[in-house]
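Residue numbers (my numbering): -19 to 297.
See below:
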């Protein structure tokens, strides 16, 4: 603001300001003086300067989004990565997420998923997860921008575990209780992709656990999704996961199996009956193994044990 109350925000070069902060943190100019650590006052100045853009009608998240797009077009990957990290932090607040999406954030992040390099794509997936989690308007905007299809393409094609994990998590946040995103997920073959990942024993445990978690949201959102999941062997694959050595995989698998048993229409999905009959032996063996755990291991296994006991009770009725 000027001393007479006028607005000079339009004259502020926000991209230059962002690059100044990046130079202090990353030391991009090899000929520059040795970089120094940013002090709290330095960062306070930077964030206050960005926040000052509110006087011109733009939120800090929107300004950072503009900086992200600017660095994507003419900057380095390091610059875009730091800007995306900042955007993720800001968009943990629902209001900032809404402002960013209103400024075309969903389209920008989806474009980065499709065209960016590895680290940028992973951060774009993380940003989509942050923006859409428990935010119905954000979910709808992202679905309309093609984010579901872009994330599924990453999961199918890319072999980087970090990128795949971020994309699976983003899909979970995006489709949860969102009819439009769920329909896009189904139409793009998402249920088949999810069940394939659950069935891969050689897959990284963290990725497999995220696929199981995604199944909890995806499979129960429609009868079509449930039928597809059963057809592709989701029950059989998840039952094998309950005997995994990884506690997170076991818990995610037990929770998914219980949810399917509670929600599936067995008359419309007769294969589910056969798959659960076969699953019963895996479930019983997993429960038996847990009887010998003590201390912290027993405590970490408790959610899995409770889910499996409920499942066994349902299967023996």
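Ideal placement from N, C-alpha and C gives every residue a C-beta, glycine not left out. For clarity, every value in this text was computed on a predicted model and none was experimentally measured.
Is residue i close to chain B, meaning its C-beta is less than 7 Å from at least one C-beta of that chain?
{"i": "residue 171", "result": "Given the protein chain composition of this structure (a single chain), no chain B is represented."}
Which residues in the same chain have their Cβ closer than 7 Å to the Cβ of residue i, if we skip the five residues on either side of it in sequence?
{"i": "residue 92", "result": "52, 100, 101, 104"}
{"i": "residue 183", "result": "177"}
{"i": "residue 236", "result": "192, 195, 196, 218"}
{"i": "residue 238", "result": "287, 290, 291"}
{"i": "residue 95", "result": "none"}
{"i": "residue 263", "result": "219, 222, 288, 291, 292"}
Using the three-state DSSP reduction, which class does residue i fall into: helix, strand or coil?
{"i": "residue 125", "result": "coil"}
{"i": "residue 268", "result": "helix"}
{"i": "residue 229", "result": "helix"}
{"i": "residue 294", "result": "helix"}
{"i": "residue 235", "result": "helix"}
{"i": "residue 168", "result": "coil"}
{"i": "residue 284", "result": "helix"}
{"i": "residue 177", "result": "helix"}
{"i": "residue 260", "result": "helix"}
{"i": "residue 203", "result": "helix"}
{"i": "residue 66", "result": "helix"}
Taking the beta carbon of residue i as the centre, do at least 16 other beta carbons fall within 10 Å, making it buried, or is it exposed?
{"i": "residue 135", "result": "buried"}
{"i": "residue 278", "result": "exposed"}
{"i": "residue 215", "result": "buried"}
{"i": "residue 253", "result": "exposed"}
{"i": "residue 243", "result": "exposed"}
{"i": "residue 296", "result": "exposed"}
{"i": "residue 199", "result": "buried"}
{"i": "residue 258", "result": "exposed"}
{"i": "residue 274", "result": "exposed"}
{"i": "residue 98", "result": "exposed"}
{"i": "residue 114", "result": "exposed"}
{"i": "residue 137", "result": "exposed"}
{"i": "residue 281", "result": "buried"}
{"i": "residue 166", "result": "buried"}
{"i": "residue 141", "result": "exposed"}
{"i": "residue 293", "result": "exposed"}
{"i": "residue 125", "result": "buried"}
{"i": "residue 255", "result": "buried"}
{"i": "residue 298", "result": "Outside the shown range of the chain (-19 to 297) lies residue 298, about which nothing can therefore be said."}
Can you list, in chain order, the residues of its chain whose CB lies under 8 Å from that of residue i, leaving out five sequence neighbours each side?
{"i": "residue 150", "result": "105, 106, 108, 109, 112, 127, 131"}
{"i": "residue 207", "result": "248, 249"}
{"i": "residue 117", "result": "78, 81"}
{"i": "residue 72", "result": "110"}
{"i": "residue 168", "result": "128, 129, 132"}
{"i": "residue 283", "result": "231, 234, 235"}
{"i": "residue 11", "result": "Residue placement at residue 11 cannot be trusted, given a pLDDT of 40 that sits under 50; what the coordinates show is reported in the next sentence. Once the five neighbours on either side are set aside, residue 11 has no close Cβ partner at all."}
Using a Cβ-Cβ cutoff of less than 6 Å, which residues in the same chain neighbour residue i once the five nearest sequence positions on both sides are dropped?
{"i": "residue 185", "result": "226, 229"}
{"i": "residue 267", "result": "288"}
{"i": "residue 123", "result": "160, 161, 164"}
{"i": "residue 188", "result": "229"}
{"i": "residue 367", "result": "This structure does not reach residue 367, given that the chain is present from -19 up to 297, and the question cannot be answered."}
{"i": "residue 246", "result": "252, 253"}
Shorter than 6 Å, the distance from the beta carbon of residue i to the closest heavy atom of the ligand SAM, or not?
{"i": "residue 159", "result": "As for the ligand SAM, it is missing from this structure, which has no ligand bound."}
(message) Below 8 Å, how does it come out for the region 192 to 205 and the region 165 to 179: are there three or more Cβ pairs, yes or no?
(response) yes
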